[in-house]
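Novice: For the sequence shown, position 3 (counting from the first letter as 1) is numbered 2 according to numbering that gives the first Met the number 0, and the numbering increases by one without interruption.
Here a beta-carbon is modelled for each residue, glycine too, at the ideal position from N, C-alpha and C.
Below is a structure I'd like to ask you about.
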Amino acid sequence: MSEKTNIHGHWVVYAPGTDSAVRYLKNDLDSEEARVFFDQARSKGYCKFEDEHEGQYILRYRSGEYKLEKR
């Protein structure tokens, strides 16, 4: 079941198993660094990235909603 959280002013729906990516975006990056991911997702529809443990994730943007999933 998906959950929802606010990351630097952006509401993000995230899938089970993506807690590490949520912590990475929320706690390890400051708002300016995280903005790059959100801006790319908004302009291209998605943004692929890795967290500090080399977990691979994708942040999608569609119809005004961000969604975080494993790749």
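Quick one: give me the first and last residue of the alpha helix (DSSP H) that E31 is part of.
Specialist: 30-43
Novice: Quick one: Cα of E68 to Cα of E2, how far?
Specialist: Rounded to the nearest angstrom, the two C-alpha atoms are 11 Å apart.
Novice: With a CB to CB cut of under 7 Å and the five nearest residues on each side skipped, what residues in its chain are close to F20?
Specialist: The amino acid occupying residue 20 in the given sequence is Ala; Phe does not appear at that position. D50, G54, Y56, L67.
Novice: Would you tell me roughly how many angstroms separate the C-alpha atoms of L58 and H52, rounded to the nearest one?
Specialist: 17 Å
Novice: If we call anything under 8 Å between Cβ atoms a contact, is F48 one with F37?
Specialist: Not in contact: F48 and F37 (Cβ atoms no closer than 8 Å).
Novice: Rounding to the nearest angstrom, what Cα-Cα distance links E0 and G16 in this structure?
Specialist: The question names Glu, but residue 0 in the sequence shown is Met. The alpha-carbon atoms of M0 and G16 are separated by roughly 10 Å.
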